[in-house]
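S.K.: Input: one structure, supplied below.
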Amino acid sequence: IGSCGPTTSSRMDAYTPILLKHGLKGMIGKGKRSEEVRASMIENKAVYFSAVGGVAALLSKTIIESEIIAYPDLEPESVRRLVVKNFPVIVAIDMYGNDIWVNR
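Whatever position you read off the sequence shown (first residue = 1), add 1182 for our numbering.
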C-alpha cells in the first residue's frame, strides 16, 4: 500500500464510537483519544494501538495484505483491514480502558 504512517487519531474520534458499535475491534494511530472513544472501547471490548510517527516506509514493509472496507472515497484515509507481520505498535488503550496517556 506504499507509505503507511499513523495519523493523529483524534481526527477520527467523532466517527469511532459508531465504527466500534458496528464491530471494529482494533485501531492503529498516534496520540490521545477522547473520553467518549475510551468509554466506547470499554463497551465494545476494543483496543487502540499506537505506532510511532515518522517511520511510514518501515511500517509499510510489515504489511502482507490490505483491503479497503469502508470510505473508499477517502482514499489514503479510508478504513482498511490489514494483515501484518511484526508490526511495531504498543497497546495504548486496552479493552478495560487502561490508557497510557492518563493516570488513573
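Heads up, the beta-carbon is just placed ideally off N, CA and C, and yes, glycines get one too.
With S1191 and K1212 assumed to form a contact (beta carbons below 8 Å), what rounded beta-carbon distance in angstroms separates them?
M.R.: About 6 Å; that satisfies the 8 Å criterion.
S.K.: Excluding the 5 residues flanking L1202 on each side, which residues of the same chain have their C-beta closer than 6 Å to its C-beta?
M.R.: S1222, N1226 and A1228, listed in sequence order.
S.K.: Tell me, to the nearest whole angstrom, how far the beta carbon of V1271 is from that of I1210; I am working on the premise that it is less than 8 Å.
M.R.: Correct: roughly 6 Å between the Cβ atoms.
S.K.: Three-state secondary structure (DSSP) at V1266?
M.R.: In this structure, V1266 counts as strand in the three-state DSSP scheme.
S.K.: Is S1222 close to chain B? Criterion is C-beta to C-beta, closer than 8 Å.
M.R.: Here chain B cannot be found, since the structure has a single protein chain.
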